[in-house]
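Following: one structure in structure tokens, then a few remarks.
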Amino acid sequence: MKFFAFIVVLFTGALLIYGTVDMPNWGDPNSPPNSHVSPRYIEKTLEETATPNAVTSVLADYRGYDTLGETTVIFTAGVVCIMLLRRVK
Amino acid sequence: MDTAQFIIGKFNYWVYIVLMMIGFYAMIAKRNLVKKVVGMNIFQTAIILFFISTSSKSGATIPIIQNAHGDAAGHAINVAQYANPLPHVLMLTAIVVMVSTFGVALALLIMVNRDYGTFEEDEIYETLEVLQLKK
Numbered sequence: 003m004k005f006f007a008f009i010v011v012l013f014t015g016a017l018l019i020y021g022t023v024d025m026p027n028w029g030d031p032n033s034p035p036n037s038h039v040s041p042r043y044i045e046k047t048l049e050e051t052a053t054p055n056a057v058t059s060v061l062a063d064y065r066g067y068d069t070l071g072e073t074t075v076i077f078t079a080g081v082v083c084i085m086l087l088r089r090v091k
Numbered sequence: 002m003d004t005a006q007f008i009i010g011k012f013n014y015w016v017y018i019v020l021m022m023i024g025f026y027a028m029i030a031k032r033n034l035v036k037k038v039v040g041m042n043i044f045q046t047a048i049i050l051f052f053i054s055t056s057s058k059s060g061a062t063i064p065i066i067q068n069a070h071g072d073a074a075g076h077a078i079n080v081a082q083y084a085n086p087l088p089h090v091l092m093l094t095a096i097v098v099m100v101s102t103f104g105v106a107l108a109l110l111i112m113v114n115r116d117y118g119t120f121e122e123d124e125i126y127e128t129l130e131v132l133q134l135k136k
């Protein structure tokens, strides 16, 4: 059984390493994730949000709903932990 | 020269793939439930590192606009000078989800340990079979 698991893991790893042949190189400034939408955030962050830190402006301003959902997730996790771990007397 | 460039360009991906394989193996082959959960955490860490690595630009600094306030304010912003902020933000969210799932999973494991007195899967199955026979 462990041997079978090892084969599955090796097969997945080989597939992924085959997939990296087409990936952009490390530090490539023209790679797809660096070239489409993200330059806009860097260019407009000062003008639109007056925040020099682009990560903060995207997290709390452009994608504020995402952050609201994030806090909901961690609140739910905390409530679930309390519900699971309390001892009912 | 070309081969060396290829290896340097893709080496970061290979490191993450090896990390992911370690986590994947722990998830499907280990019998201890805590080890399975920690394997899931290693898997998620590998994916987060992969996303962060896509944000790198050679020669770029962190995505905080320099000289934003004061005399030099209002100058043109060179995009190639700053790293991509988007993967960092998305992975902040992913880290929050990762910590939440890890905490809930550990709480569930504490409940399992209260009922069965063990984290080992086969021992839990044995206890379950004994309980079935008693019925």
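For the record, the sequence lines run as chains A and B. All residue numbers for the first sequence refer to this note's numbering, where the first residue is 3 and numbers rise by one. All residue numbers for the second sequence refer to this note's numbering, where the first residue is 2 and numbers rise by one. We put the beta carbon where it would ideally sit given N, CA and C, even for glycine. Quick caveat: nothing in here was measured; it's all calculated off a predicted structure.
Query: Where B:N114 falls: helix, strand or coil (DSSP); Result: helix
Query: Pair within 9 Å by beta-carbon distance, A:T51 and A:D68; Result: no
Query: Under the three-state DSSP convention, the category A:N36 falls into; Result: helix
Query: Minimum C-alpha distance to A:D30 - residue among B:M99, B:Q82 and B:N114; Result: B:Q82
Query: Against chain A: residues of the segment 11-27 of chain B by CB proximity under 8 Å; Result: K11, F12, N13, Y14, W15, I18, V19, M21, M22, F25 and Y26
Query: Pick from A:N27, A:E45 and A:P34 that is closest to B:D3, judged by C-alpha positions; Result: A:N27
Query: Below-9 Å beta-carbon distance, B:K36 vs any chain A residue; Result: no
Query: Minimum C-alpha distance to B:V105 - residue among A:M85, A:R89 and A:V90; Result: A:M85
Query: Any C-beta of chain B under 9 Å from that of A:V57; Result: yes
Query: Secondary structure of A:T78, DSSP reduced to three states; Result: helix
Query: DSSP bridge partner residues for B:Y83 (one or two, in chain order); Result: B:T62
Query: Neighbourhood of B:K36 by C-beta distance below 8 Å, restricted to the same chain and skipping five residues each side; Result: A27
Query: Distance between B:F25 and A:L12 (C-alpha atoms, nearest Å); Result: 10 Å
Query: Chain-ordered chain A contacts of B:L109 [CB-CB under 7 Å]; Result: L86
Query: Own chain residues within Cβ distance below 8 Å of B:G40, not counting five before or after; Result: I23, G24, F25, Y26, A27, M28 and K31
Query: Chain-ordered residues of the segment 77-96 of chain B with a beta carbon less than 7 Å from chain A; Result: I78, V80, A81, Y83, N85, P86, L87, P88, H89, V90, L93 and T94
Query: Per-residue burial, A:D87 [other beta carbons within 10 Å of its own, 16 or more giving buried]; Result: It should be noted that the sequence gives Leu, not Asp, for residue 87 of chain A. By the 10 Å Cβ count, A:L87 comes out exposed.
Query: Limits of the alpha helix (DSSP H) - the one that A:M25 falls within; Result: Taken as a continuous stretch (DSSP letters only), A:M25 belongs to no alpha helix (DSSP H), as it is neither H nor E.
Query: The ligand ATP heavy atom lying under 8 Å from the CB of B:L132; Result: By its list of ligands, the structure shown contains no ligand whatsoever, and the ligand ATP lies outside what it can speak to.
Query: The segment 39-59 of chain B in contact with the segment 124-134 of chain B per 3-pair CB rule at 8 Å; Result: no
Query: B:V19, buried or exposed, once every other Cβ within 10 Å from all chains shown has been counted against 16; Result: exposed
Query: Residue(s) in a DSSP beta bridge with B:E121; Result: B:N33
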